[in-house]
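>
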Amino acid sequence: MKILPFLLTISVTSCMSYNKLLKKAASVCDSVFYHEYVTSVVWMRTEPEDITLFLQHFHGSAVIVPLDYQNMKAVSELNKATGFKQTVLFAVSVEEFILFITTLNLDLIVPIRMVLVLTTQLTDLAMITKEAWKHDLAEIIIISKDENEEIRLTTYFPYKNGICGDYTPHSISNEKELFPEKFKNLHGCPIKVTLLNFLPYVGLQKVNGTITFIFGIDGSVFILLIKELNAIMDIVSSTDHGGMGVFVNGSWKGSFGDIVRREADIFAPAGIITQKRFSVAQMSHTYETLNIHWCAPPRREIYAWAKVLLPFLTNITPFLVLAFSVFVITIVLVKRSKLHGIKSNKNVFLQSFMIFLGQGVKFETKSSVINSFFVAWLWFCLVVRIAYQGDLVNGLQKKIYEPPFESVEQALQELDGYGGTELFREYYAGSPIADNYQVIKIGDLPRYIRDVIAGKRFLIATDILMHQYAKKFQILQEPLTHSPTCLFMRPGWPVSRRVDVIIIRAIEAGLVQKIIYDFHYTVRLRRHEKEEETGTRPLGMSTMFACYYGLILLWIFSFVIFLFEVLYYNWKHKIAYVKRKRNKLFKFHH
1 MKILPFLLTI SVTSCMSYNK LLKKAASVCD SVFYHEYVTS VVWMRTEPED
51 ITLFLQHFHG SAVIVPLDYQ NMKAVSELNK ATGFKQTVLF AVSVEEFILF
101 ITTLNLDLIV PIRMVLVLTT QLTDLAMITK EAWKHDLAEI IIISKDENEE
151 IRLTTYFPYK NGICGDYTPH SISNEKELFP EKFKNLHGCP IKVTLLNFLP
201 YVGLQKVNGT ITFIFGIDGS VFILLIKELN AIMDIVSSTD HGGMGVFVNG
251 SWKGSFGDIV RREADIFAPA GIITQKRFSV AQMSHTYETL NIHWCAPPRR
301 EIYAWAKVLL PFLTNITPFL VLAFSVFVIT IVLVKRSKLH GIKSNKNVFL
351 QSFMIFLGQG VKFETKSSVI NSFFVAWLWF CLVVRIAYQG DLVNGLQKKI
401 YEPPFESVEQ ALQELDGYGG TELFREYYAG SPIADNYQVI KIGDLPRYIR
451 DVIAGKRFLI ATDILMHQYA KKFQILQEPL THSPTCLFMR PGWPVSRRVD
501 VIIIRAIEAG LVQKIIYDFH YTVRLRRHEK EEETGTRPLG MSTMFACYYG
551 LILLWIFSFV IFLFEVLYYN WKHKIAYVKR KRNKLFKFHH
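The sequence shown begins at 1 in the UniProt record's numbering and counts up by one.
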């Protein structure tokens, strides 16, 4: 009879202790989880009544997920529906935890926070923390009972005391900070990275196959990130093995595929955000926007022979015409007036124009007014010729270009081909443009850009930053896209949140903008030095031909004037001859 009260006392004590464990779990979840998000409550062999008791004390919204040992499809289905951003897992053994985290890790993209409630007494918590670190679960709180039936809160610190991947369990003494920062200092531990040499974003300097220096816009941001994490780089790949990465035949290729397959933790340079990339990898905060345009070769020079006319194709040309007209009209009016008694058969227009061309003309008359006008006109033409000669030197340096392309369709019709990286073809999926789109590898892109700059009749889709310091492309006005870029990280990588914090702080402090500005300044400085080295260039043959074209044109014009003068003289002479003959006949009859 004495045994029954004893067993009853033990049962009541155990029940009270167990209820205390559940209430503690609810209290912890209330303090660390965000109530605006759904909390997933997961269990396998735990009694449903215990879950009900937990939910009675938990104040957040929850989705209950009872799992079957033999069927774990619910994990994948719920992950697609609501996710496991904050999860409470009730487990009676280590195997239940391993099974759940292994299944979840197959579809996990963003790291989760978990409160693990051990409903049975387990002494080997190191096995749990080891599996948690193996499956990228760093934000975990283990709630359990020790030998004395006391409730313990346990976690682990992967980089504490300079030990890389340390999964030793540590009791949480400060319950005000249940999820402390664990990746503020990696203590020189390695991070697996994939790099791609893609200027001007990432440049790799190698000596005997070993990377000794990383530069470029994204390269400098990446180095800043590594230093802030106090980590070292374990470079998984630094060669082009498929470009930035595209989705082909159900799998990812290239450098982006390294992080999707979890062979690398982070990838540089920054990549354009797309729906497919977003669904399979983590992203940092965006810190740059790429302006993608269709770019055509520079406009070709046309009408080189007309360069000698460029000085007259200015705003002062109407003034010259007006001055010439006023002068001719004034001289004609003065000659026709009877105040000066001048009779002249010479053509004022031809005389004025010959003076303008610098030809010898005898213009002296008995009228001081007309002489003064002709002297003024002579000086005026002298000033105009000097100004023309000065403008001619600048005019010979100028060029007349063919009209720019108004649209992509027009460029596609007039050029020999078009293309770009594989990513940009996705923007035209299902359209005729995608059919003849030529895919260019990342390594071949600089060569294509140089060829197009040199005049290759090819339309290329690229970021305008790629060429804004070289000879200008013909940039089509309608952009292909304006896309933000970010650093991509492998699914589930627990350091991603710290990376995002560093990027945001670097942006707010202006460090990213300074890196971009310094890079632009360096390139401009190098370009300026290069231009100073080249100095002035001699006139090309096309320019020389333009001079001769102008000279021949003036010869032809002078010859036309000569013919006009001859014909005019013959006409006047014929009229005079007819008059003389008529006068003789008239005198003869009288």
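Heads up, the beta-carbon is just placed ideally off N, CA and C, and yes, glycines get one too.
Which stretch, first to last residue, makes up the alpha helix (DSSP H) that contains Pro484?
Taken as a continuous stretch (DSSP letters only), Pro484 belongs to no alpha helix (DSSP H), being part of the beta strand (DSSP E) at Gln474 to Met489.
> Let me know the secondary structure DSSP gives Pro158 once reduced to three states.
Correct three-state label for Pro158: coil.
> In the DSSP assignment, find the alpha helix (DSSP H) that holds Lys276 and state where it starts and stops.
Start and end: Gln275 to Phe278.
> Among residues of its own chain, excluding the 5 on either side of His187, which ones have a beta-carbon nearer than 7 Å to its beta-carbon?
For His187, where only same-chain residues beyond five positions count, the Cβ hits under 7 Å are Tyr159, Gly162 and Asn230.
> Classify Phe90: buried if its beta carbon has 16 or more other beta carbons within 10 angstroms, exposed otherwise.
When all chains shown are included, Phe90 counts as buried.
> Specify whether the segment 117-124 and the segment 138-156 touch according to this definition: at least 3 beta carbon pairs, one from each stretch, less than 8 Å apart.
The answer is yes - the segment 138-156 touches the segment 117-124, with three or more Cβ pairs under 8 Å.
> Going by alpha carbons, who is nearest to Lys85 out of Glu47, Cys29 and Leu55?
Comparing Cα positions, the closest option is Cys29.
> What residue range does the beta strand (DSSP E) around Ile302 cover?
First-last for Ile302: undefined, no H or E at that position.
> Is DSSP giving Pro5 helix, strand or coil here?
Because the pLDDT of Pro5 is 42, which lies under 50, any placement of that residue in the model is unreliable, and the number read from its coordinates should be weighed accordingly. Here Pro5 sits in helix by DSSP.
> Which residue marks the beginning of the beta strand (DSSP E) containing Gln205, and which one marks its end?
Element bounds for Gln205: Gly203 to Val207.
> Given this structure, state the Cα-to-Cα distance separating Glu96 from Trp43, to the nearest angstrom.
So the alpha carbons of these two residues sit roughly 9 Å apart.
> Compute the beta-carbon to beta-carbon distance between Phe327 and Trp377, rounded to the nearest angstrom, for a pair I have assumed lies under 8 Å.
That belief holds up - the Cβ atoms of Phe327 and Trp377 are roughly 5 Å apart, short of 8 Å.
> Less than 6 Å between C-beta atoms, sequence neighbours within five positions excluded: which residues of the same chain meet that for Lys399?
Cβ within range, chain order: Glu301.
> Can you tell me where the alpha helix (DSSP H) with Phe327 in it begins and where it stops?
Taken as a continuous stretch (DSSP letters only), the alpha helix (DSSP H) holding Phe327 covers Thr317 to Arg336.
> Is the CB-CB distance between Pro298 and Gln413 below 8 Å?
No.
> So the candidates are Phe356, Pro318 and Phe374; which of them puts its Cα closest to the Cα of Val334?
The shortest C-alpha separation from Val334 is found at Phe374.
> Just mark Gly420 as buried or exposed, buried being the case when its beta carbon has 16 or more other beta carbons within 10 Å.
Burial call: buried.
> Between Thr534 and the rest of its own chain, which residues show a CB-CB distance below 7 Å, the 5 nearest in sequence each way excluded?
A caution first: Thr534 carries a pLDDT of 49, below 50, which makes its placement in the model too unreliable to give a value.
> If I measure Cβ to Cβ from Ile10 and keep anything under 8 Å in the same chain, skipping five residues before and after, which residues do I get?
The predicted model places Ile10 with a pLDDT of 39, which falls under 50 and marks its position as unreliable; any figure quoted below should be read in that light. Closer than 8 Å at the Cβ level, and outside the excluded window around Ile10, lies no residue.
> Is Val244 helix, strand or coil by DSSP?
A small fix is needed here, since residue 244 is Met in this sequence, not Val. Coil at Met244, not helix or strand.
> In or out: Arg580 buried (at least 16 other Cβ within 10 Å) or exposed?
Flag for Arg580 reads exposed.
> Quick check on DSSP: helix, strand or coil for Trp493?
Three-state result, Trp493: coil.
> How would you label Glu288, buried or exposed, when you count the other beta carbons within 10 angstroms and need 16 or more for buried?
Buried.
> Roughly how many whole angstroms lie between the Cα atoms of Lys80 and Ala268?
Cα to Cα, Lys80 sits roughly 28 Å from Ala268.
> Look up Lys288 in the DSSP assignment and give the residues it is bridged to.
With the sequence shown as reference, residue 288 is identified as Glu, and Lys is not the correct amino acid for it. Answer is Thr485, bridged to Glu288.
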